[in-house]
Every structure is written in structure tokens, then in C-alpha cells.
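Numbering-wise (this note's numbering), the sequence shown opens with residue 5 and increments by one.
Note that CB positions come from ideal geometry on N, CA and C, so glycine has one too.
Notes follow the structure.
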Amino acid sequence: MRILFDQGTPAPLRKHLLAHTVDTTAERGWSTISNGDLLRCAEEGGYEVFITTDENLRYQQNLSGRRIGIVVLMATSWPRAQKHIPEILAAVNRVPGGGYEEVAL
5 MRILFDQGTP
15 APLRKHLLAH
25 TVDTTAERGW
35 STISNGDLLR
45 CAEEGGYEVF
55 ITTDENLRYQ
65 QNLSGRRIGI
75 VVLMATSWPR
85 AQKHIPEILA
95 AVNRVPGGGY
105 EEVAL
């Protein structure tokens, strides 16, 4: 599965997603693209899951009709996130295309 990390997503999480191809918005040169355009670029780029820490994404963007699954980590802290790796992995594997999952940290 192709996964895109938004800015703020803890980079060390990538080491726990070895079964997937993971890129960051910075690596793609998409750091300055706004969320609506970023989701469109991610879908056009063949990404299946977008992982973000933007808790307001669902309120700022119209997510209906999206093909990409969105997983929102409810904190940016790696020490907090690493305690919830099983829940994060489950959300990544469970979120359907166009779906939305929040992971409480």
C-alpha cells in the first residue's frame, strides 16, 4: 500500500510500516500545498492512505468523494505515538478508500 505522511506526522512511524511504501509531503515537494490540493495530488499520485495529525481536516475539507483513506493521529508526539503502534497499524490497514479514521494517542 502507498502511504503519504503529512507534515507533523512522526517520521519514526515509517519504520513500523515496512510492508508499505511510505513517502512524506516534504520528499514529494508538497510541503506548501494546502490540504484540499494535497489530497488531490496524493490521489493522483496513487497514494491509498494519508496519515496526518491535522485534527481539523474533516471540518476544513469536503472529504466526500475522496478515494484516499485518511488516518488522523490525535497528537504529534512520537513518544506518545510509539505507545500506540498496534492501534495505528490497525487503522492504516482498516481504513477503506475514502474512509476516515482517528487514532487517539
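Could you compute how far the alpha carbon of residue i sits from the alpha carbon of residue j?
{"i": "residue 51", "j": "residue 96", "result": "12 Å"}
{"i": "residue 60", "j": "residue 13", "result": "14 Å"}
{"i": "residue 74", "j": "residue 39", "result": "12 Å"}
{"i": "residue 10", "j": "residue 86", "result": "17 Å"}
{"i": "residue 24", "j": "residue 98", "result": "14 Å"}
{"i": "residue 79", "j": "residue 41", "result": "23 Å"}
{"i": "residue 88", "j": "residue 34", "result": "27 Å"}
{"i": "residue 28", "j": "residue 105", "result": "19 Å"}
Would you call residue i buried or exposed, if buried means 16 or more other Cβ atoms sit within 10 Å of its Cβ?
{"i": "residue 100", "result": "exposed"}
{"i": "residue 77", "result": "buried"}
{"i": "residue 108", "result": "exposed"}
{"i": "residue 15", "result": "exposed"}
{"i": "residue 30", "result": "exposed"}
{"i": "residue 56", "result": "buried"}
{"i": "residue 22", "result": "exposed"}
So if DSSP puts residue i in a beta bridge, which residue, or which two residues, is it bridged to?
{"i": "residue 104", "result": "74"}
{"i": "residue 26", "result": "7"}
{"i": "residue 55", "result": "9 and 75"}
Using a Cβ-Cβ distance cut-off of 8 Å, determine whether residue i contacts chain D.
{"i": "residue 34", "result": "In the displayed structure, chain D is absent; only one protein chain is listed."}
Which one of the options has the shortest CA to CA distance from residue i?
{"i": "residue 72", "options": "49, 34 and 84", "result": "49"}
{"i": "residue 67", "options": "22, 84 and 103", "result": "103"}
{"i": "residue 6", "options": "19, 84 and 46", "result": "46"}
Please confirm if the region 58-73 is in contact with the region 82-93, defined as three or more CB-CB distances below 8 Å between the two stretches.
No: fewer than three Cβ pairs fall under 8 Å.
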